[in-house]
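Report on the following structure.
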Amino acid sequence: MKIKCVITDDEPIARKGIKGYVEKIDFLQLVGECEDALQLNTLLAEQEVDLIFLDIE
1 MKIKCVITDD
11 EPIARKGIKG
21 YVEKIDFLQL
31 VGECEDALQL
41 NTLLAEQEVD
51 LIFLDIE
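For the sequence shown, position 46 matches number 46 in UniProt numbering, and the numbering has no gaps at all.
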């Protein structure tokens, strides 16, 4: 069973970097990428997620 995860960061380069790491780990499944909390909230209403990579400023 894979861990469903989502990346939330306002910087595209940061999302790309985290995505690269996630794709190398067999037990992680990336189910979405978000630019902000509003997009994340929408995604969480529609998709079940186990892990959130979240940038907080």
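Note that the Cβ used here is the ideal one computed from N, Cα and C, for glycine as well.
- Which residues in the same chain as Tyr8 place their Cβ atom closer than 6 Å to its Cβ, once the five residues preceding and following it in sequence are excluded? In the sequence on display, residue 8 carries Thr and not Tyr. These residues qualify, in order along the chain: Cys34, Leu40, Leu54.
- Task: Give the range of the beta strand (DSSP E) segment to which Gln29 is assigned.
- Result: 28 to 34
- Task: Determine the contact status of Lys19 and Leu28, defining contact as a CB-CB distance below 8 Å.
- Result: no
- Grouping DSSP H, G and I as helix and E and B as strand, with all else coil, what is Lys24? helix
- Message: Rounded to the nearest angstrom, what separates Ala14 and Gln47 at their Cα positions?
- Response: 22 Å
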